[in-house]
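With this note's numbering, letter number 42 in the sequence shown gets 42, and the count goes up by one each step, no holes. Accompanying notes for the structure given below.
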Amino acid sequence: MKEVIRALNIVKYFGETRILDNVSLEAHRGRIAVIMGPNGSGKSTLLKILALLIPPDDGRLEIDDSPIDFDSELEKRSLQKKIAYLPQRPPVLSASVFNNIYLPLRLRGASKEEAKKTTESILSILRLKEYAKINAHRLSGGQKQLLAIGRTLALNPEILLFDEPTASLAPNTAETVQDIVKRYVKEKNCYAVIVSHSITEAKKIADELYVLVSGKIKERFSGQISEAEILKWI
1 MKEVIRALNI
11 VKYFGETRIL
21 DNVSLEAHRG
31 RIAVIMGPNG
41 SGKSTLLKIL
51 ALLIPPDDGR
61 LEIDDSPIDF
71 DSELEKRSLQ
81 KKIAYLPQRP
91 PVLSASVFNN
101 IYLPLRLRGA
111 SKEEAKKTTE
121 SILSILRLKE
131 YAKINAHRLS
141 GGQKQLLAIG
151 RTLALNPEIL
161 LFDEPTASLA
171 PNTAETVQDI
181 VKRYVKEKNC
191 YAVIVSHSIT
201 EAKKIADELY
211 VLVSGKIKER
221 FSGQISEAEI
231 LKWI
């Protein structure tokens, strides 16, 4: 069995508009696949298919060599327990910053002591500890994004699917998040597909880079990334 997520010849329509046109992509354990492209190119739609939130109209998705049956709610629910999907503007709970991480951990079965220790550690790493007692809705947009990322990683997902996770963050904070995500993927040997708008970010974290334009993969890079080749499409 190969440990790989494969999207094979994915096609998706919205009405009569073909959003994704025979898109193929691979993501491997312990490596980060980054998707870049101009607005409206289908990046977020592809990520939602990978997250099993919407079905493709044609093509197939495989996880560890097993094709996904999008008609099976039982199969999708089982797999989605392993998936952490983070949209561009992730919601936060109407609760304290602390409880935004602590409560999901408790619901997943962590002991009070374990959940408290993990929550405090993550808030410290993300520099949110001083906000622990305030309602998360009072945070800035960037702070909410940080909190959502921390909450996601605290749950130890096997598959990370992040849609522009650092878009609303200050450069130094974005670098911190990039380092955390990259280290997490390597240490946990998990899958990661990240949509990014930043060439700097892509060059830092991507093991594979896909350039998606008008619903089609135009370039794929593995290893060294050519900024000039990316810029000609974006």
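We put the beta carbon where it would ideally sit given N, CA and C, even for glycine.
* Quick one, are the C-beta atoms of Asp61 and Ile68 less than 9 angstroms apart? -> A quick correction: the sequence has Leu, not Asp, at residue 61. In this structure, Ile68 lies closer than 9 angstroms to Leu61 by Cβ.
* Using CA coordinates, which residue listed in Ala170, Ile149, Ala110, Gly37 is at the minimum distance from Glu227? -> Gly37
* Name, in chain order, the residues that DSSP records as bridge partners for Ser96. => In the DSSP assignment, Ser96 is bridged to Asn135.
* To do: Below 8 angstroms CB to CB, which residues in the same chain sit around Ala110 once its five sequence neighbours on both sides are set aside?
  => Thr118
* To the nearest angstrom, report how far apart Ser214 and Gln88 are at their CA atoms. => 20 angstroms
* Element boundaries [beta strand (DSSP E), containing Leu74] -> No beta strand (DSSP E) contains Leu74, which is instead part of the alpha helix (DSSP H) from 73 to 80.
* Asked: What's the C-alpha gap between Ala27 and Arg183?
  -> 17 angstroms
* Give the single residue among Asp163, Asn100, Glu175 whose Cα lies nearest to the Cα of Leu139. => Looking at the Cα atoms, Asn100 is the closest of the given residues.
* To do: Leaving out five residues on either side along the sequence, give the residues of the same chain with a beta carbon under 6 angstroms from the beta carbon of Asp207.
  => Leaving aside the five residues that flank Asp207 on each side, the residues in its chain whose CB is nearer than 6 angstroms to its CB run, in chain order, Arg31, Ile32.
* Over the uninterrupted beta strand (DSSP E) stretch that includes Gly59, give me the two end residues. => 58 to 63
* To do: Work out the CA separation of Gly15 and Ile134 for me, nearest whole Å.
  => 43 angstroms
* **Pairwise C-alpha distance: Tyr13 and Thr45** => 10 angstroms
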